[in-house]
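Residues 2 to 522 (the numbering used here) make up the sequence shown, in order.
Glycine included, every Cβ here is placed at the ideal spot set by N, Cα and C.
Working notes, structure below.
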Amino acid sequence: MIGALLLAATVTVNPVNTDEVLVNPDMGLVMFMNSNRPWAYGSQLERGDTLDWFPGTSAVYFRLPWSFLEPKEGEYRWDLIDSYAAAWIAAGKQLAFRFTCCESRYRFATPQWVKDAGAKGWWWKKGVPGELKGEVDLNDESVLWEPDYGDPVFLEKLENFLAAFARRYEGKDYVAFLDVGTIGLWGEGHTPVFHLAYGREKRDANAVVRQHYALHRRLFPKTTLFCIDDQAGCEDQTPDHPLMKAARDLGIGFRDDSILVYGKKEKPGYRHPQWFHAGWARLFAPTLPVFVEHEHYSLSVDRGAWNDDLLVESVEDYRASWLSIHGWPDEIKAKSGEAFRKAALRAGYRFELRSVTYPDAVKPGEPVEIASTWVNVGVARRYKGAFAAWSLVDAKGRVAWVSADGRHDFREAEPKLDGVERPFAVVSRVIFGTPGVISRFNDGVLDLELAQDTKRIPADFALPVPAPGEYTLCVSLGTEDGVPKLALPLKDGKGRRYPVGRIRILHSKSSQNSLPCGCDL
């Protein structure tokens, strides 16, 4: 029994978590570089400005008409993206995209050459319901074209464009998401003529929407995709719409375009007249991410629909991983910055380290356990997962060793909802270093590489790595191979490795046994 009590002494630390707004991948605030037009809302930013002054901004969003990016068939203007994206990628932030095929400002959001190639569609005009009949006055700039989203020529050309985009951007860590925005006005699913025509002709419009979902999923198997609520009806209250279920079945997340559009007097019958589809979002949130886009900020304010408190509440109600900055960012920061700061503290995942218990000393190469308890105080999971790694950092700030245990995936850490915390306990099995005795002679055979310098390499020498001594024990969350990826609300982190205490590496022949505290032999 006495031998069983001769255990390594342990240290327990309860870190102090900060209230700093973090920038992390696959969550946070999204700045609209383009909102269907090139001048809004990034045109007033200085070159290279990645909104570090707007806490929580982790991605930039390019929402552009297809015709801007492929003005001639097979000729692409990726520079319209790359010229602005370079600074964001260098800053460790992400890019997001939507490509639209129907707009209210441009006659041909779908390139005209697609129509000229034989794609079917309809002429329409703002303020005039339905398709324009008879001869169309093309001198009238308000006359616009909507494609038939199920037309085979249209789909062929669209697939070619999306495939070209996929070859360039699919699978890149810096790509946050892509909306399935190829149906309807502004990509939101509002169709001036399409649904009317399909209804009149008794064709299944929803089957075409599902076709677009499947096309995107096939071309972008690694990219986070979002369907859009209005593709199923902007005020539809069906408990679980078939289109939304189809999206979930394909692993496509959910996006609401938009909240804070109406005031209470305009929609008095709804629980929240400012949004309609939080119920749909909650069906996605257990396994798939959710995006909340608010109305254009200035329009919402002018209508009397804007409400800072409801913005924050929407993040919780939707279980949102992402929230838009949909307007001029300096104006939004000046007038509603505190609301966005509060929203950013809840959006997505946020892992707080509550306790760590680790041995105060270890031998090189000897397995030990580090127990840690975490709480995800965000409203959503880390859908792409993360793993804990433990690093030794020497007195000069250099990483001396990293040991990661891939048995515990932080995608399983449930979020804090309705005030209830769900602790996530992790016991990491780690090994720090190796005591390995390296010899110039292996079974009597001369090791020629080591024999080249007998002055530097003695016949036999112990090579404990890292060297015996005291180190800072640091924690990180990231990939299974120990690469830090996630920011944590802890102090003094460098390279997203955060110190939790001091630990000694013993000489390989030293004993680290000691009586545990409280034992009376």
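*C-alpha distance - Gly190 paired with Arg256, whole-angstrom precision*: 12 Å
*Let me know the secondary structure DSSP gives Gly280 once reduced to three states.*
Looking at Gly280 - three-state DSSP - the assignment turns out to be helix.
*With a Cβ-Cβ cutoff of 8 Å, do Leu354 and Pro16 count as a contact?*
yes
*So, helix, strand or coil for Ala167, using DSSP?*
Note: Ala167 maps to helix in three-state DSSP.
_Helix, strand or coil for His295? Go by DSSP, reduced to three states._
strand
*Return the first residue and the last residue of the alpha helix (DSSP H) that Ile260 is part of.*
Segment 254-260 is the beta strand (DSSP E) holding Ile260; no alpha helix (DSSP H) there.
_Straight-line gap, Arg497 to Leu487 (C-alpha atoms, nearest Å)_ = Our two residues, Arg497 and Leu487, have alpha carbons roughly 7 Å apart in a direct line.
*Separation of Glu202 from Gly151, as counted between CA atoms*: 13 Å
*Roughly how far, in whole angstroms, is the beta-carbon of Arg348 from the beta-carbon of Trp329, given that I think they are within contact range, below 8 Å?*
Before going on, a small fix: residue 348 reads as Ala here, not Arg. Going by Cβ atoms, the distance from Ala348 to Trp329 rounds to 21 Å, so no, they are not a contact pair.
*Taking buried to mean at least 16 other C-beta atoms within 10 Å of its own C-beta, is Lys397 buried or exposed?*
By the 10 Å Cβ count, Lys397 comes out exposed.
*If we call anything under 8 Å between Cβ atoms a contact, is Lys127 one with Trp146?*
no
*If you draw a straight line from the alpha carbon of Ala389 to that of Leu156, how long is it in whole angstroms?*
44 Å
*If you compare alpha carbons, which of Phe178, Glu236, Met34, Lys492 is closest to Lys223?*
Phe178
_Three-state secondary structure (DSSP) of Asn35_ = In the structure shown, Asn35 sits in a strand (DSSP, three-state: E or B).
_One question on the structure: do Thr111 and Pro490 come within less than 8 Å of each other, judged by their Cβ atoms?_
Note that the C-beta distance between Thr111 and Pro490 is not below 8 Å.
*asked:* Taking the straight line between their C-alpha atoms, what separation do you get for Lys505 and Gly420?
replied: Strictly speaking, residue 505 in this sequence is Arg, with Lys absent from that position. Those two C-alpha atoms are separated by around 39 Å.
*Rounded C-beta distance between Gly386 and Arg412? I'm assuming under 8 Å.*
4 Å
*Give the range of the beta strand (DSSP E) segment to which Ala85 is assigned.*
A small fix is needed here, since residue 85 is Tyr in this sequence, not Ala. Per DSSP, Tyr85 belongs to no beta strand (DSSP E); it is in the alpha helix (DSSP H), 80-91.
*Locate the alpha helix (DSSP H) running through Leu65, then write down its first and last residues.*
Element bounds for Leu65: not the alpha helix (DSSP H) but the beta strand (DSSP E), 58-66.
_Considering just the uninterrupted stretch of the alpha helix (DSSP H) at Phe221, what are its terminal residues?_
Run containing Phe221: none; DSSP gives neither H nor E here.
*Decide if Leu139 is buried, meaning its Cβ has at least 16 other Cβ atoms within 10 Å, or exposed.*
exposed
*Pick out whichever of Pro66, Ala198, Arg99, Ala86 has its Cα sitting closest to the Cα of Trp123.*
Comparing alpha carbon positions, the residue from Pro66, Ala198, Arg99, Ala86 closest to Trp123 is Ala198.
_On a Cα-Cα basis, can you pick out the residue from Trp402, Ala345, Tyr359 that is closest to Leu23?_
Ala345
*Taking only the alpha-carbon atoms, compute the straight-line gap between Leu159 and Arg78 and give it to the nearest angstrom.*
15 Å
*May I have the straight-line CA-CA distance separating Asp258 from Glu267, to the nearest angstrom?*
18 Å
*asked:* Please report whether the beta-carbon of Arg48 lies at a distance below 8 Å from any beta-carbon of chain D.
replied: Among the protein chains of the structure shown there is no chain D, as only one such chain exists.
_Which of the three DSSP states is assigned to Gln232 in this structure?_
Gln232 falls in the helix class under three-state DSSP.
*If you check the beta carbons only, do Thr58 and Ile229 fall under 8 Å apart?*
no
*Short check: CB of Glu370 to CB of Val428, under 8 Å?*
Cβ atoms of Glu370 and Val428: closer than 8 Å.
*Apart from the five residues on each side of it in sequence, which residues of its chain come closer than 7 Å, Cβ to Cβ, to Ala286?*
Arg320, Ala381
*How big is the Cα-Cα spacing for Pro274 and Pro500?*
46 Å
_Quick check on the burial criterion: 16 or more other C-beta atoms within 10 angstroms. Buried or exposed for Arg64?_
Counting other Cβ atoms within 10 Å of its Cβ, Arg64 reaches 16 or more and is therefore classed as buried.
*Does the beta-carbon distance from Val293 to Val316 come in below 8 Å?*
yes
_Burial state of Arg168, where buried means 16 or more other Cβ atoms lie within 10 Å_ = Around the Cβ of Arg168, a 10 Å sphere holds fewer than 16 other Cβ atoms; the residue is exposed.
_DSSP state of Trp402 mapped onto helix, strand, coil_ = strand
_Arg342 - containing alpha helix (DSSP H), residue span_ = 330-347
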